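Chains as they are written, first to last, in my numbering: chain A, -11 to 184; chain B, 188 to 458.
Note that CB positions come from ideal geometry on N, CA and C, so glycine has one too.
Predicted model, so just to flag it, every value in this text is computed and none were measured.
Note sheet for the following structure.
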């Protein structure tokens, strides 16, 4: 009896193990397939491929400078497109940082997930968790970060009236303990150098 | 446990912040009644709430030499509490009196449930620019969307009127928004308080006057009384970080905030 039981048990266990292995293998695969398109959203990834075929436009990006208490402008060329696509490029270029030695208000590890624009003029800027988790915290730093994004979008895009900053697709109470992120934020151009 | 809470002597002892928060929710009424032994109950002490920023896992901004915002805020808050209680007829309640995590919503709730007359949130600033320096006093920037502004207009009506005009199913939502935006009704007084506190700090430390600032601080949003957030100095500036660890510098900051409060209360005497 024990022998025949073992004879049955061993193949059953072997089959079960194979099935489990196969299941994990497949589910992992499925996940990586699911993640692939989202992950390849390296900031302007898809956008850049088409850059050459489109006319360019100059936009003003906002950074920080040791010599100024305001946000300082830096001009850059992006591909002219519909507002949502331009908004994506503006945020991607902000994350990329200054090309003239200004300080960036955005943690460089941040990844742009997506920018949506609704009919009422709210831009939903969805950023990876590093935007908040790698933030140095502090009121001035948080104000600078929030308005570098909000004002850069509002300065360049008439379609953007306010900006809702999302972290990994979700609302956050604050950026890093101080400034509220749970409402759409209106631009404040008084924080920009030369625009009182 | 509960009995010890109604003794006025309690105010000289540190109250565990968590218990204070819990108690504030559970029974705000009797908490305020002082019961001095063998004496008719005197007029209840009014409350001032001081909120030492951050705490626990939330360390706040960090300095180059390792100073943590949460430690500086608590040290200054304790000094300010002692000054107020020594010289003014107020009871001071702290949102935390040790290194504890307290949610931003609960910090505002401590003020509201204790009918605070004034709310101070004490912070140390952090900036990407290492040159940033000096003190800044903030009051709430109301960043209301159009829809919220419309709903807030109901504030001008009486509450019975309010009940009639809003469908039952919308009531909870509107009340939530009103609670969330409680600071809206106190912005002007908060601005005056911010001005006076900032002036006193500037005088004490010989800082140039850069005025007061407005920002959408989560911790101020739901506070239903005049409320300011004081950024006493920049922890991200190595020179100021060193000063912030100095007891006498902390004391000078506490004294100037206290002088600002005294001036404010002369202008807006208590109800």
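Asked                                                                                                                                : Found
Boundaries of the beta strand (DSSP E) in which residue 400(B) is found, first to last residue                                       : 400 to 402
DSSP state of residue 438(B) mapped onto helix, strand, coil                                                                         : helix
Between the CA atoms of residue 440(B) and residue 62(A) - distance to the nearest angstrom                                          : 38 Å
Contact between the region 380 to 395 of chain B and the region 277 to 294 of chain B (3+ Cβ pairs under 8 Å)                        : no
Interfacial residues, the region 407 to 418 of chain B to chain A, with Cβ spacing under 7 Å                                         : 408, 418
Contact list for residue 129(A) against chain B, beta-carbon separation under 7 Å                                                    : 313, 314, 315
Secondary structure, beta strand (DSSP E): runs of 3+ residues fully inside the region 46 to 73 of chain A                           : 56 to 67
8 Å contact criterion, which residue 134(A) and residue 167(A) should meet: CB distance rounded                                      : 6 Å
CA nearest to the CA of residue 49(A), picked from 140(A), 75(A), 108(A), 106(A)                                                     : 140(A)
Spatially closest choice to residue 105(A) from 57(A), 87(A), 58(A), 154(A), by CA coordinates                                       : 154(A)
Residue 90(A) - containing alpha helix (DSSP H), residue span                                                                        : No alpha helix (DSSP H) contains residue 90(A), which DSSP labels as neither H nor E.
Residue burial classification, residue 240(B) (beta-carbon count within 10 angstroms, cutoff 16)                                     : buried
Reduced DSSP category for residue 206(B) - H, G, I as helix; E, B as strand; rest coil                                               : Model confidence at residue 206(B) stands at a pLDDT of 46, short of 50, so the residue's coordinates are unreliable; what they give is reported in the following sentence. Looking at residue 206(B) - three-state DSSP - the assignment turns out to be helix.
Within 8 Å, strictly: CB atoms of residue 459(B) and residue 262(B)                                                                  : Not covered by the structure: residue 459(B). The range shown for chain B is 188 to 458.
Inter-residue spacing [alpha-carbon to alpha-carbon] between residue 451(B) and residue 395(B)                                       : 21 Å
Closer than 8 Å to chain B by CB, residue 168(A)                                                                                     : yes
Cβ pair residue 171(B), residue 412(B) closer than 8 Å                                                                               : Because chain B spans 188 through 458 in this model, residue 171(B) falls outside it and cannot be assessed.
Per-residue burial, residue 46(A) [other beta carbons within 10 Å of its own, 16 or more giving buried]                              : exposed
Contact with chain A by residue 242(B), beta-carbon distance below 8 Å                                                               : no
Pairwise C-alpha distance: residue 233(B) and residue 93(A)                                                                          : 42 Å
Residue 100(A) beta carbon less than 8 Å from that of residue 72(A)                                                                  : no
Helix, strand or coil at residue 98(A) [DSSP, three-state]                                                                           : coil
Classification of residue 344(B) by the beta-carbon crowding that lies within 10 angstroms, buried from 16 upward                    : Bear in mind that a pLDDT of 46 at residue 344(B), under 50, signals an unreliable position, so the number given afterwards is only what the model happens to contain. Exposed, because fewer than 16 other Cβ atoms sit within 10 Å of the Cβ of residue 344(B).
Short CB-CB distance (under 8 Å) between residue 91(A) and chain B                                                                   : yes
Buried versus exposed call for residue 169(A) [16 or more other C-beta atoms within 10 Å across all chains shown]                    : buried
Selection of the region 277 to 307 of chain B by Cβ proximity to chain A, strictly under 9 Å                                         : 290, 291, 292
Partners in chain A for residue 238(B), counting only beta-carbon separations shorter than 9 Å                                       : Here the premise fails: no neighbours, minimum Cβ distance about 12 Å.
CB of residue 183(A) within 8 Å of CB of residue 120(A), strictly                                                                    : no
Cβ of residue 423(B) within 8 Å of any chain A Cβ                                                                                    : yes
Short CB-CB distance (under 8 Å) between residue 420(B) and chain A                                                                  : no
Residue span of the alpha helix (DSSP H) that contains residue 312(B), given as start and end                                        : Segment 305 to 312 is the beta strand (DSSP E) holding residue 312(B); no alpha helix (DSSP H) there.
Span of the alpha helix (DSSP H) around residue 171(B)                                                                               : Nothing about residue 171(B) can be reported from this structure: the residues present for chain B run from 188 to 458 only.
Pick from 431(B), 404(B), 370(B) that is closest to residue 259(B), judged by C-alpha positions                                      : 431(B)
Which listed residue (303(B), 308(B), 315(B)) has its alpha carbon closest to that of residue 55(A)                                  : 315(B)
Beta-carbon contacts of residue 244(B) that lie in its chain and below 7 Å, excluding the five residues immediately before and after : 288
Under the three-state DSSP convention, the category residue 242(B) falls into                                                        : strand
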